Amino acid sequence: MLFIEIIALAATFYVIIIAAVRDPGVIPPCSFYHSIADEISEILKKRQPIQPKSALFDLLKHEMPDYVAVTFQKFGKSYTVRQCNTCKQLRPLRSSHSSKSNHCVLRFDHFCPWIGQDVAMGNHYLFYVMVNFMLLFLIYAICYSFIQIIVAIALLAQCPAASQFCLAYSSSNAISSIVLSVLVEAAACYFLYSVMQLKQFHNKLLQTGSLTKEYIGSFKQNYSLTGAYQLNDPKLNYLDVKQNYFNQFRVLEN
1 MLFIEIIALA ATFYVIIIAA VRDPGVIPPC SFYHSIADEI SEILKKRQPI
51 QPKSALFDLL KHEMPDYVAV TFQKFGKSYT VRQCNTCKQL RPLRSSHSSK
101 SNHCVLRFDH FCPWIGQDVA MGNHYLFYVM VNFMLLFLIY AICYSFIQII
151 VAIALLAQCP AASQFCLAYS SSNAISSIVL SVLVEAAACY FLYSVMQLKQ
201 FHNKLLQTGS LTKEYIGSFK QNYSLTGAYQ LNDPKLNYLD VKQNYFNQFR
251 VLEN
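First residue of the sequence shown: 1, per UniProt numbering; consecutive thereafter.
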């Protein structure tokens, strides 16, 4: 039993760490713009205006274009690609600027404080796996602690069958075993409730194929954003998230 518990705990922490260190899908900003933007601003303020035919004017026009919103039709719906005012570049559909990482992120879902990382295209599938692993581990911890409590009580009652069931316990440490198991049971039940609420919410998102940032908006806005991505089946929506995760490795191989 202890070996199984160690394996389950190690697997859970492994998935959490992988989800935390995986690139969520950060869109590289316009590095040239950020490196000289302040310097160019000072030039424009303190010196004479740049001549339209100068080399510097051509450089600025090429490297720092004035982006405009681009609107197009897809699956009978109208979508608009807008500029990120912070990164100074156009954002792909369903991308968003993360205030935590200060980057635009592909298919941004939300920022997860549990892993200290944005959950987006690059690690959204790992996030689902992490939640499932945590759920299974907590259920196992509750069941294991409950068995330990029963065995400890049986040992206190001097039941011979209890000694044969678990040799690790004796009547001398049965009370401490009960106290420890009750604490583990209470903590596991608390976290299990939180994880189940989280899983229920994200299962609801899979019903419509929407993202967290889209779901918290109005119904009209949510439908207009997710209509083209709705596969009308939670399983297909989940497989789409999984495919987005593995596609990044195919891109790297090519």
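For glycine and all other residues, C-beta sits at the position ideal for the given N, C-alpha and C.
Please read all numbers here as calculations on a predicted model, not as lab measurements.
What are the boundary residues of the beta strand (DSSP E) that includes residue i?
i: S98; result: 96-98
i: F111; result: 110-112
i: C104; result: 103-105
i: D118; result: 117-119
What residues match up with residue i in a beta bridge as DSSP calls it?
i: H124; result: Looking at the DSSP assignment, H124 forms no beta bridge with any residue, so it has no partner.
i: Q89; result: C84
i: V26; result: V105
How many angstroms separate the CA atom of residue i from the CA atom of residue j?
i: L183; j: A141; result: 11 Å
i: A120; j: N232; result: 21 Å
i: A19; j: V241; result: 14 Å
i: G122; j: I27; result: 11 Å
i: L106; j: K199; result: 22 Å
i: L90; j: Q83; result: 4 Å
i: L206; j: K213; result: 14 Å
i: E185; j: N173; result: 18 Å
i: P92; j: C104; result: 9 Å
i: L136; j: Q148; result: 18 Å
i: F13; j: N85; result: 37 Å
i: V195; j: I175; result: 30 Å
i: R22; j: A152; result: 43 Å
i: F127; j: L180; result: 30 Å
i: K235; j: F108; result: 20 Å
i: I139; j: Y125; result: 22 Å
i: F201; j: R94; result: 19 Å
i: P29; j: Y193; result: 39 Å
i: S145; j: M130; result: 22 Å
i: V81; j: K88; result: 13 Å
i: H97; j: T208; result: 23 Å
i: S101; j: D118; result: 8 Å
i: A187; j: N244; result: 35 Å
i: F191; j: A8; result: 16 Å
i: I17; j: H110; result: 17 Å
i: N237; j: S210; result: 9 Å
What is the residue span of the alpha helix (DSSP H) that residue i lies within?
i: L180; result: 174-208
With 16 as the cutoff for other CB atoms within 10 Å, does residue i come out buried or exposed?
i: E5; result: exposed
i: N203; result: exposed
i: C112; result: buried
i: P24; result: buried
i: I178; result: buried
i: N254; result: Only weak support exists for where N254 lies, its pLDDT of 46 falling under 50; the value from the coordinates is given anyway. Exposed is the call here.
i: A154; result: buried
i: G116; result: exposed
i: A11; result: exposed
i: S99; result: exposed
i: L239; result: exposed
i: N247; result: exposed
i: Y215; result: buried
i: F3; result: exposed
Does the beta carbon of residue i sit closer than 7 Å to a beta carbon anywhere in chain C?
i: A174; result: The structure shown contains no chain C; it is built from a single protein chain.
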